[in-house]
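Numbering (this note's numbering), first residue to last: 1305 to 1380.
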């Protein structure tokens, strides 16, 4: 993951499954741990509703993240 401070956007690659607007994600790292809904998502600087496995996408975060933090989709 790469985090852009000025825009509070994390660039992530989906290794498994898919991610949609409204899904809940957990950002977890050595100094980071928070949960939030996906409220804004982009691909190639265009808004998207869904990202699929293997795609890179940008998601707006409510808190800062670090380069090697992991992003998990919260289910159930």
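Note that CB positions come from ideal geometry on N, CA and C, so glycine has one too.
Residue 1337 by DSSP, collapsed to three states: which one?
-> strand
Three or more beta-carbon pairs under 8 Å between the region 1367-1379 and the region 1349-1356, yes or no?
-> no
Applying the criterion that 16 or more other CB atoms from any shown protein chain within 10 Å of the CB defines a buried residue, is residue 1374 buried or exposed?
-> exposed
Could you give the distance in angstroms between the alpha-carbon of residue 1379 and the alpha-carbon of residue 1363?
-> 18 Å
Under the criterion of a Cβ to heavy atom distance below 7 Å, does residue 1363 qualify as lining the ligand NAD?
-> No copy of the ligand NAD appears in this structure; indeed no ligand is present at all.
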